[in-house]
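Taken in order, these protein sequences are the chains called V and L.
Counting with my numbering, you get residues 1 to 319 for the letters of the first sequence.
Counting with my numbering, you get residues 1001 to 1319 for the letters of the second sequence.
Protein chains: 2
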Amino acid sequence: MKKTRLCDLLGIEYPIIQGGMVWIANAELAAAVSNAGGLGLISPNAGMSPDGDQVENLKKQIEVAKSLTSKPFGVNLPIMNNPQIEALVDVCIEAKVKVAVTAAGNPALYTARFKEAGIKILHLVAAVRHAQSAEKRGVDAVIAEGYEAGGHNGLDELTTMTLVPQVADAISIPVVAAGGIADARGIVAALALGAEGVQMGTRFVATLECAAHQNFKDAVIKASDTDTAITGRKIGPTRILKNEIATKLLEMEAAGASAQELQTFIGGGRSRRGQFEGDLVNGEAYCGSIAGMIKEIKSVAEVINDIVKSYDKVVAELK
Amino acid sequence: MKKTRLCDLLGIEYPIIQGGMVWIANAELAAAVSNAGGLGLISPNAGMSPDGDQVENLKKQIEVAKSLTSKPFGVNLPIMNNPQIEALVDVCIEAKVKVAVTAAGNPALYTARFKEAGIKILHLVAAVRHAQSAEKRGVDAVIAEGYEAGGHNGLDELTTMTLVPQVADAISIPVVAAGGIADARGIVAALALGAEGVQMGTRFVATLECAAHQNFKDAVIKASDTDTAITGRKIGPTRILKNEIATKLLEMEAAGASAQELQTFIGGGRSRRGQFEGDLVNGEAYCGSIAGMIKEIKSVAEVINDIVKSYDKVVAELK
């Protein structure tokens, strides 16, 4: 498999990052990915109870990950609507994690602090102007995430196929492609488009090590190509597995419901309930539209080894 | 550039199909694409006046194309809402065109007739179940079109990155990837995902030979990554260049406008006005979200030669 600038930047063998999925990207998952040669990411609230403290939880998760791997791993830090973001940044710096991924917010806020601390910083973007702004603020690489990705999504609805080459043309730091990637074919495609690595989320939900509830893992491997939908365009577009909640949200949106009405209907805690508790009726399960291609729950090592083994074959078939 | 089963099936040198774009995919464009080694497609209403007769127009277009190329070309035949579809099918059969592309309708309707006449038939699909159904009805190949594509779009919003590998896994006939492809990087990506060819529309709008109005061509090369939007989800999702019409439609949709209200607002003839007459204020210009990557109006031969020249380089960089 090709070594890219991302491998050198992060000190990893394969240019594969595991998405730091809220509630479920725990230390065990991150460490397994890093041990297999990729970069694991921890979510600060992974495995936490609803009334838990993200800051204390992150400290523990980092400790566990360090006990499981000597390889680099990172932390996913969505900025927006996160009252504890400052304290979480402090934890990452004190614990000397190797990589921070920021998203949904201004990359100017923490980039300088991370860089001073010797932490590599990647910022999630969903349009060219965001990538240019992130590069200007000094981030080390961007993750360009397309419309097919699970969970929170950009407002501009650019797909991985169109976003990645345009971002790659616009900036000179490495670009990581995210959204719609779950096997070697997707990685080869992403690299052809100009990316130097990929981030995969949904593929890692369906692994033995992920803290996702078994119901969620089972739903991913049973999903068809059309079993996810973007919901909540007015309050922050989010791709989830289709269920009653999704159907109701889409109906409300079609009828012109206001942001307030949608927010009231959703309430709080649904993503934990869906992903971690396995309540796929009243919960929300963030899921990419590539779920239809994922047919088996595997160990993280199997996922990564299968990709590495297939990569050269996919490239050879292009001739 | 790789020879695929699609090349053999259609008798073409490169696995590149030019989208049969309504109003603007004229004989000159199709012939230029076929002469350059791809497969050109004619739209029955290309260059026609608003009160013209599609059937007579298509006859003339086929005649002109035959005078300009001895290579295979095809005709694009959207089925739905086309009262003249039967007569158009007759014209294709009588004129012995080599390829018919059907879309937006049941592939069972005309496949047998085309096959009896020795015409290769490709059907446009936007989800796995449609691809399986088309294969069962006997079509020779499917065109799997993602959410990033310009013009009419599938209801399931699958992107090229997620649609193509899932379709390729589900059927055994060749898959052509469409949506978001405008250079060699996109073609390599599509082939890596399992496609055996690509269809490009927007890239061919910005060519010297296309019948698109100069205003439309200029708008394509000036577009940024975020200058298109999906409009009309309730009446048939359509990706167009953002303009006042698009903004108004999106506002109406967000406010819960009914299908009837949206249809009344749009009225008729807007796509001809935008694309062929160049009225980008009151017209609609169908445009893919890869427009942001297209920076130059070129001849068709240049477009294809540039891709062919770059293909091996893109593949070589994957190692």
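Yeah, the Cβ is synthetic: ideal placement off N, Cα and C, and Gly gets one too.
Within chain L, A1127, V1128, R1129, D1156, L1158, T1162, L1163, Q1166, V1167 and A1170 have C-beta atoms less than 9 Å from the C-beta of V/D225, given in sequence order. In the assembly as shown, V/G146 is a buried residue. Its beta-carbon has 16 or more other beta-carbons within 10 Å. Listed in chain order, the non-local C-beta contacts of V/R5 below 7 Å within the same chain comprise P174 and E196, local neighbours out to five positions each way being set aside. The continuous alpha helix (DSSP H) containing L/K1313 extends over residues V1300 to A1316. The C-alpha of L/L1039 lies about 22 Å from the C-alpha of L/M1048. Within the stretch 1114-1157 of chain L, the runs of alpha helix (DSSP H) at least 4 residues long that lie entirely inside it are, in chain order, 1128-1136. Straight-line spacing of the CA atoms in L/L1029 and L/R1270 works out to 22 Å. Burial is judged here by how many other beta carbons sit within 10 angstroms of a residue's own beta carbon; L/L1155 has fewer than 16 and is exposed. Against V/Y147, the close residues of chain L are Y1147 and T1159, in the order they occur along the chain (beta-carbon pairs closer than 7 Å). Under a criterion of Cβ atoms nearer than 9 Å, no residue of chain L is adjacent to V/K115; the nearest Cβ is some 27 Å distant.
Listed as beta-bridge partners of L/A1103 by DSSP are L/P1078. For V/G186, the enclosing alpha helix (DSSP H) has its first and last residue at A184 to A192.
With 16 or more other CB atoms across the displayed protein chains lying within 10 angstroms of its CB, L/E1157 is buried.
For L/I1240, the enclosing beta strand (DSSP E) stretches over residues T1238 to L1241. The three-state reading of DSSP puts L/V1175 in strand, counting E and B together.
Taking 8 Å as the cut-off, the Cβ atoms of L/T1228 and L/T1238 do not count as close. Within chain L, the residues placing a beta-carbon under 7 Å from that of V/A192 are R1185, V1188, A1189, A1192, V1314 and L1318, ordered along the chain.
As computed with DSSP, V/T69 is found in no beta bridge at all.
Spanning the alpha carbons of V/E302 and V/E296 requires a straight line of approximately 11 Å. Per DSSP, L/T1159 has no beta-bridge partner at all. Per the C-alpha coordinates, the member of L/D1051, L/M1001 and L/P1044 positioned closest to L/N1057 is L/P1044.
In the displayed model, L/I1290 falls within coil according to three-state DSSP, outside both helix and strand. Residues of chain V whose Cβ lies closer than 9 Å to the Cβ of L/A1254 are, in chain order, R233, K234, E253 and G256. The residues A1030, S1034, G1040 and A1065, in chain order, have a CB closer than 6 Å to that of L/F1073 in the same chain once the five nearest residues on each side in sequence are set aside. Contact between V/V167 and V/A141 does not hold, since their C-beta atoms are separated by about 11 Å, which reaches or exceeds 8 Å. Taking 7 Å as the cut-off between beta carbons, the residues of the stretch 275-299 of chain V near chain L are S289, I290, G292 and M293, in sequence order. At a cut-off of 8 Å, the C-beta of L/K1120 has no neighbouring C-beta in chain V. With a threshold of 16 other beta carbon atoms within 10 Å, L/M1001 meets it and is buried.
Taking 9 Å as the cut-off between beta carbons, none of the residues of the stretch 35-49 of chain V comes near chain L. Of the candidates V/H152, V/I304 and V/V315, the residue whose Cα lies closest to the Cα of V/E13 is V/I304. Residues of chain V whose Cβ lies closer than 9 Å to the Cβ of L/G1201 do not exist, since the nearest Cβ in that chain is about 13 Å away.
Within chain V, the residues whose beta carbon sits less than 7 Å from that of L/K1002 are L318 and K319, listed in sequence order. Nearest CB-CB separation between L/G1019 and chain V: not below the 8 Å threshold. Residue burial annotation: V/Q61 is buried, with at least 16 other C-beta atoms found within 10 angstroms of its C-beta. Rounded to the nearest whole angstrom, the CA to CA distance from V/K217 to L/E1244 is 44 Å. When secondary structure is reduced to three states using DSSP, V/T228 falls in the strand class.
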